[in-house]
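Data block below; observations after.
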Amino acid sequence: MAGTTSQKPQRRMRPCPICSKLSTPDDYPFCSDRCAKIDMNRWFTGSYSIPVVETDDIDDSNIPDE
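Taking the numbering used here, the leading residue of the sequence shown gets 855, the next gets one more, and so forth.
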């Protein structure tokens with residue numbers, strides 16, 4: 855087909871969450887591969903976590919026995 859290209863869609867350049875430089879299309883939302891790897895390392899080492907609220911008031915009576 856004439857006129858078609860395989861360009862990535864344009865994204866707004868936002869600050870990198872690691873160093874605050876402007877992000878690049880290839881490493882979005884980071885500014886570089888280095889900052890992306892720093893972020894991944896923080897997830898793997900537990901520096902980041904998603905809070906979970908444990909509750910004991912779950913009603914298990916509606917779950918059928920096997």
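Every residue, glycine too, gets a C-beta built ideally from N, C-alpha and C.
It should be emphasised that the depicted structure is a prediction, and the values quoted were computed from it without experimental measurement.
(request) For my contact list, residue 887 and residue 871 are in at a C-beta cut-off of 8 Å; report their separation, rounded to the angstrom. (result) Actually they do not touch by this definition, with Cβ atoms about 14 Å apart.
(request) Could you check the C-alpha separation between residue 884 and residue 877 for me, to the nearest Å? (result) Near 5 Å, if we compare the C-alpha coordinates of residue 877 and residue 884.
(message) In this structure, how does DSSP classify residue 869 when only helix, strand and coil are distinguished?
(response) Residue state, collapsed to three classes: strand.
(message) Relative to the C-alpha of residue 880, which candidate in 873, 865, 874 has its C-alpha closest?
(response) The shortest C-alpha separation from residue 880 is found at 865.
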